[in-house]
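All remarks here apply to the structure that follows.
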Amino acid sequence: MPIALIYKELNRLIDDYYKCPFKHIKEQILIDINLLTEAILLFDADYSSDVSFETK
Numbered sequence: 008m009p010i011a012l013i014y015k016e017l018n019r020l021i022d023d024y025y026k027c028p029f030k031h032i033k034e035q036i037l038i039d040i041n042l043l044t045e046a047i048l049l050f051d052a053d054y055s056s057d058v059s060f061e062t063k
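Structure below.
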């Protein structure tokens, strides 16, 4: 499932961010973290809109 890969990569980036001693690299990692977070939010919003709440 693609979303699982996104979560896994997000966790790796967060680990890298805290371990990195270089400010300019941390800024780039933070950009990637924000992009993946946005992707997760978009996926969740898309998934929520596809779920039917009707009972039969």
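For my numbering, add 7 to where a residue sits in the sequence shown, where the first one is 1.
Here a beta-carbon is modelled for each residue, glycine too, at the ideal position from N, C-alpha and C.
Keep in mind it's a predicted model, so treat the numbers as computed, not measured.
Counting every other CB atom within 10 Å of its CB across the protein chains shown gives residue 36 a total of 16 or more, marking it as buried.
In this structure residue 43 touches residue 13 by the C-beta definition: roughly 6 Å separates them, less than 8 Å. When rounded, the separation of the alpha-carbon atoms in residue 48 and residue 32 is 24 Å.
Exclusion of the five residues before and after residue 15 leaves no residue of its chain whose Cβ lies closer than 6 Å to its Cβ.
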